[in-house]
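Asks: As you go down the protein sequences, you meet chains B and F in turn.
Under our numbering, residues 140 to 319 are what the first sequence spells out, in order.
Under our numbering, residues 30 to 423 are what the second sequence spells out, in order.
The C-beta atom is built at its ideal place from N, Cα and C for all residues, glycine as well.
This structure is a prediction, so every number in the text was calculated from the model and none was measured.
Below is a structure I'd like to ask you about.
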Amino acid sequence: MLISEREQLRANIERRVIDFGNNRSALIPVIQEVQQKYGHVSEYVMQVLADVLHIHPVEVYGVASFYSFIGHKPKGRFIIRLCRTLPCEMKGKERVARQLENDLGIHFGETTDDGNFTLEWANCLGMCDQGPALLVNERIYTQVTPQSVHDILEECREVFGVHTTLQEKEMSCELPTSAK
Amino acid sequence: MRTSDVSKMTFSSVEPGAGLRQALKMASEEIIDLIAESGLKGRGGAGFPTDIKWKLAADSDDELKYVVCNADEGEPGTFKDRFILSHFADLIFDGMTIGARAIGATKGIIYLRGEYTYLRAFLTDLIAQRRAGNLLGKNILKTEGFNFDIEIRMGAGAYVCGEETALIESLEGQRGEPRNRPPFPVNTGFMGHPTIVNNVETFTWVPCIVTKGAPWFHDIGTEKSTGLKLFSVSGDCGKHGVFEFPMGITLKELLEEVDGSHAKAVQAGGASGRCIPAAEFDRNICFEDIPTGGSIIVIGPDRDMLNVAENFMEFFVDESCGQCTPCREGNAKLLEGIHLLQNGRCSMQYLRELHSLGESIQLTSKCGLGQSSPNAFLSIIDNFKDEIMGRIQP
Ligand SMILES: Cc1cc2nc3c(=O)[nH]c(=O)nc-3n(C[C@H](O)[C@H](O)[C@H](O)COP(=O)(O)O)c2cc1C
Ligand code: SF4
Ligand code: FES
Numbered sequence: 140m141l142i143s144e145r146e147q148l149r150a151n152i153e154r155r156v157i158d159f160g161n162n163r164s165a166l167i168p169v170i171q172e173v174q175q176k177y178g179h180v181s182e183y184v185m186q187v188l189a190d191v192l193h194i195h196p197v198e199v200y201g202v203a204s205f206y207s208f209i210g211h212k213p214k215g216r217f218i219i220r221l222c223r224t225l226p227c228e229m230k231g232k233e234r235v236a237r238q239l240e241n242d243l244g245i246h247f248g249e250t251t252d253d254g255n256f257t258l259e260w261a262n263c264l265g266m267c268d269q270g271p272a273l274l275v276n277e278r279i280y281t282q283v284t285p286q287s288v289h290d291i292l293e294e295c296r297e298v299f300g301v302h303t304t305l306q307e308k309e310m311s312c313e314l315p316t317s318a319k
Numbered sequence: 030m031r032t033s034d035v036s037k038m039t040f041s042s043v044e045p046g047a048g049l050r051q052a053l054k055m056a057s058e059e060i061i062d063l064i065a066e067s068g069l070k071g072r073g074g075a076g077f078p079t080d081i082k083w084k085l086a087a088d089s090d091d092e093l094k095y096v097v098c099n100a101d102e103g104e105p106g107t108f109k110d111r112f113i114l115s116h117f118a119d120l121i122f123d124g125m126t127i128g129a130r131a132i133g134a135t136k137g138i139i140y141l142r143g144e145y146t147y148l149r150a151f152l153t154d155l156i157a158q159r160r161a162g163n164l165l166g167k168n169i170l171k172t173e174g175f176n177f178d179i180e181i182r183m184g185a186g187a188y189v190c191g192e193e194t195a196l197i198e199s200l201e202g203q204r205g206e207p208r209n210r211p212p213f214p215v216n217t218g219f220m221g222h223p224t225i226v227n228n229v230e231t232f233t234w235v236p237c238i239v240t241k242g243a244p245w246f247h248d249i250g251t252e253k254s255t256g257l258k259l260f261s262v263s264g265d266c267g268k269h270g271v272f273e274f275p276m277g278i279t280l281k282e283l284l285e286e287v288d289g290s291h292a293k294a295v296q297a298g299g300a301s302g303r304c305i306p307a308a309e310f311d312r313n314i315c316f317e318d319i320p321t322g323g324s325i326i327v328i329g330p331d332r333d334m335l336n337v338a339e340n341f342m343e344f345f346v347d348e349s350c351g352q353c354t355p356c357r358e359g360n361a362k363l364l365e366g367i368h369l370l371q372n373g374r375c376s377m378q379y380l381r382e383l384h385s386l387g388e389s390i391q392l393t394s395k396c397g398l399g400q401s402s403p404n405a406f407l408s409i410i411d412n413f414k415d416e417i418m419g420r421i422q423p
């Protein structure tokens, strides 16, 4: 990262900490914003947060490492999280998992060489009546079949190069009418 | 088939804002008395009387108090809060605002699980609309001196943060590790101020009780578990989705409604609940018999009960915050035991030891996660010994 970029990032973090009340409770919301923007929370970011909040960097690391949706290592642009909990298991998550591994050429916990996809397990995603369910970044897919895995990956590939978290696209699940 | 009939639910018959308007004509004590009369108990699982929680917070003379809506819904098999957030969010905000009026709070926080980030923009818009309509903000609905606003905070993929003290730790920018209780959040909550933490569904029933009256709610259900409840139904049944039933319904009746009468067992209450065998389907779902936050997982005749136990135990090993030894080490030991059973290598003597280890974990863990993590496995040992012992490896 260029020095100017670092300074920019530091200034942004300082501003957001103030926006969130300028105390320790700002820590997680700011970490989440960094995570969403950069895909991980680097050592540099942790140091800045520690400086701004007047706490030890290890405190920041302790928090960041506690939560499974926050990571300190870079991951793929698309993080696929397949639900492994019982109702989804009963609806065939194992076959979906196999197909994801086949189509991406990686195992769970790994990232593709091109840095595009990371494959992870998740616990219940709150879609148990429509399993198997998976999240791609923030977007939820339900009633996934081994066959539809391919379509989901293609959808991700289509938006490469475009800045998107897949949020603004139409959702495949039951959602508030006004959010559709 | 997915069958969540939104239009038939009680929540659909209550006009957004109506309950709040009515409550603003009442004094703080009158609101709490009304909730007491209805018998409403927490819908998040533990079933603590809502009026008592609110009264304790109301009695404090701290100037800063908080209303927190627990939308962390992480219990496996539960999705009714997501459903309410999607269809009846206005009623949740009404309930939170009525709660604020009752205890004298000025700030509200909705702690939304990270997995539901896709709902965030929708909820943010709705909050903005409510501000514009004077349902939030200063002098709400022209009520002089009643100021209240709601902000959304996101979880980040930790089940234990649904536990109310861990949730507060997380809001304060800490690791989501449960605290010792007491002190309770009603005394020492967010930033040390009195805080009521209630489940999404609990808040949603409040405007219904205000508009329909406490007797309406109180006359449904059993003596100690009044009113209606939403259930999240999944697994081996004909109909899946969110269903509204009166408290006290028997498992048998419930299974008939969802085309699941052939089930050999029902996991009631998610991973931390108990596994009820078919022989006990005439038992009632209510706080005095089978308590549940609403998760009903129907287990069909062909399912392997050890697989059920294994899946849930993996969940707890993964989600334990690691603070206390019984939960951190004990659950891992139980999981090893399940693997021994799966391989047909567990003696009756060792099974008994596993059982008593499970009981120790229940007794000695610091928070509800560890206290309930052995439930499913223990009830499977108790009810399905014949199925789980003496396995011949595949
Ligand atoms: C491990 C654990 C997870 C919990 N998760 C939730 C949850 O996701 N949602 C919830 O409302 N309550 C959850 N609870 C219960 C809360 O601690 C608390 O009792 C509840 O939010 C109180 O609200 P109520 O009285 O309206 O039910 C959890 C408890 C434990 C021990
Ligand atoms: S019981 Fe488990 S989750 Fe709860 S505090 Fe102890 S280790 Fe953490
Ligand atoms: S079990 Fe997969 S979404 Fe709940």
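Would you decide whether Glu193 (chain F) is buried or exposed? Buried here means 16 or more other CB atoms lie within 10 Å of its CB.
Replies: That one is buried.
Asks: Quick check on the DSSP output: the alpha helix (DSSP H) that includes Phe272 (chain F) runs from which residue to which?
Replies: Where Phe272 (chain F) is concerned, there is no enclosing alpha helix (DSSP H), although the beta strand (DSSP E) it sits in stretches over Gly270 to Pro275.
Asks: Just to check my reading of the structure: Ser324 (chain F) and Pro105 (chain F) have Cβ atoms closer than 8 Å, yes? What is that Cβ distance to the nearest angstrom?
Replies: The Cβ separation is near 7 Å, so the contact holds.
Asks: How is the beta strand (DSSP E) around Ala261 (chain B) delimited, first residue to last?
Replies: Residues Phe256 to Ala261.
Asks: Go to Ala243 (chain F), then tell me how far its beta strand (DSSP E) extends in each direction, as first and last residue.
Replies: Counting along the chain, Ala243 (chain F) falls outside any beta strand (DSSP E), though it belongs to the alpha helix (DSSP H) covering Ala243 to His247.
Asks: Is Met342 (chain F) near ligand 3, going by C-beta to nearest heavy atom under 7 Å?
Replies: Result no, Cβ not under 7 Å from ligand 3.
Asks: Closer than 7 Å, Cβ to Cβ, to anything on chain F: give me those residues from the segment 192 to 218 of chain B, in chain order.
Replies: Here the close residues are Gly201, Val202, Phe205, Tyr206, Ser207, Phe208 and Ile209.
Asks: At what residues does the beta strand (DSSP E) containing Asn227 (chain F) begin and finish?
Replies: Run containing Asn227 (chain F): Thr224 to Asn228, per the beta strand (DSSP E) assignment.
Asks: Where does Gln269 (chain B) sit, in a helix, a strand or coil, going by DSSP?
Replies: Reduced to three states, the DSSP call for Gln269 (chain B) is helix.
Asks: How is Asp178 (chain F) classed by DSSP in three states: helix, strand or coil?
Replies: Asp178 (chain F): strand per DSSP, three-state reduction.
Asks: Can a CB atom of chain F be found closer than 8 Å to the CB of Asn161 (chain B)?
Replies: Cβ-Cβ to chain F under 8 Å: no for Asn161 (chain B).
Asks: Tell me whether Ser394 (chain F) counts as near ligand 2, meaning its Cβ is closer than 7 Å to at least one heavy atom of that ligand.
Replies: The answer is yes for Ser394 (chain F).
Asks: Are Val239 (chain F) and Leu63 (chain F) close, meaning C-beta to C-beta below 8 Å?
Replies: Yes, they are a contact pair.
Asks: Do Arg149 (chain B) and Val169 (chain B) have their beta-carbon atoms positioned less than 8 Å apart in this structure?
Replies: For Val169 (chain B) and Arg149 (chain B), no; Cβs fall outside 8 Å.
Asks: With a cut-off of 8 Å, does the C-beta of Phe413 (chain F) fall near any C-beta of chain B?
Replies: Closer than 8 Å: no.
Asks: Under 7 Å from any heavy atom of ligand 3, does the C-beta of Thr224 (chain B) make it?
Replies: Indeed, a heavy atom of ligand 3 lies less than 7 Å from the Cβ.
Asks: By the three-class DSSP mapping on this structure, what secondary structure does Val262 (chain F) have?
Replies: The answer is strand: DSSP assigns Val262 (chain F) an E or B state.
Asks: CB-CB under 7 Å to Met125 (chain F), same chain, minus the five flanking residues each way: which ones, in chain order?
Replies: So the qualifying residues of the chain are Val96, Cys98, Gly137, Ile179 and Phe232.
Asks: Spell out whether any CB of chain F is found under 8 Å from the CB atom of Ser287 (chain B).
Replies: No, its Cβ sits nowhere closer than 8 Å to a Cβ of chain F.
Asks: In the structure shown, what three-state DSSP assignment does Ile194 (chain B) receive?
Replies: Three-state result, Ile194 (chain B): coil.
Asks: On a Cα-Cα basis, can you pick out the residue from F:Leu165, F:Thr79, F:Gly71 and F:Arg149 that is closest to Leu53 (chain F)?
Replies: Minimum Cα distance to Leu53 (chain F) is reached at F:Leu165.
Asks: Excluding the 5 residues preceding and the 5 following Pro330 (chain F) in the sequence, name in chain order all residues of the same chain whose CB lies nearer than 7 Å to its CB.
Replies: His291 and Lys293, listed in sequence order.
Asks: For Gly256 (chain F) and Ala405 (chain F), I'd like the C-alpha separation in whole angstroms.
Replies: So the two alpha carbons sit approximately 27 Å from each other.
Asks: In chain B, what lies closer than 7 Å to Phe344 (chain F) by C-beta?
Replies: Under the 7 Å cutoff, chain B gives Thr224 and Asn262.
Asks: Which residues does DSSP list as the beta-bridge partners of Cys222 (chain B)?
Replies: Partner(s): B:Ala261.
Asks: Go through its chain and collect everything with a Cβ distance to Ala118 (chain F)'s Cβ below 8 Å, but skip five positions before and after it.
Replies: Once the five neighbours on either side are set aside, the close Cβ partners of Ala118 (chain F) are Phe151, Leu152 and Leu155.
Asks: In terms of residue numbering, what span does the alpha helix (DSSP H) encompassing Asn372 (chain F) cover?
Replies: Segment: none, Asn372 (chain F) is in no alpha helix (DSSP H) and carries neither H nor E.
Asks: My output table needs one value for Trp340 (chain F): the three-state DSSP class, helix, strand or coil.
Replies: The question names Trp, but residue 340 (chain F) is Asn in the sequence shown. The answer is helix: DSSP assigns Asn340 (chain F) an H, G or I state.
Asks: Going by C-alpha distance, which of F:Asp415, F:Ser41 and F:Leu398 is nearest Thr345 (chain F)?
Replies: Here residue 345 (chain F) turns out to be Phe, not Thr, going by the sequence shown. With distances taken between Cα atoms, Phe345 (chain F) lies closest to F:Leu398.
Asks: Using the Cβ count rule (16 or more neighbours within 10 Å means buried), how would you classify Ile157 (chain B)?
Replies: Under this definition Ile157 (chain B) is an exposed residue.
Asks: When we look at the beta-carbon of Thr354 (chain F) and count the other beta-carbons within 10 Å, is it buried (16 or more) or exposed?
Replies: Counting Cβ neighbours within 10 Å, Thr354 (chain F) comes out exposed, since fewer than 16 surround it.
Asks: Phe112 (chain F) to Gly162 (chain F), Cα distance in whole Å?
Replies: Computed Cα separation, rounded: 24 Å.
Asks: Could you check which residue in F:Lys253, F:Val295 and F:Asn372 has the C-alpha nearest to that of Pro275 (chain F)?
Replies: It is F:Lys253.
Asks: State the start and end residues of the unbroken beta strand (DSSP E) segment that holds Pro306 (chain F).
Replies: Residues Arg303 to Pro306.
Asks: Roughly how many whole angstroms lie between the Cα atoms of Phe12 (chain F) and Gly76 (chain F)?
Replies: No answer is possible for residue 12 (chain F): the residues shown for chain F start at 30 and end at 423.
Asks: With 16 as the cutoff for other CB atoms within 10 Å, does Asp80 (chain F) come out buried or exposed?
Replies: Label assigned to Asp80 (chain F): buried.
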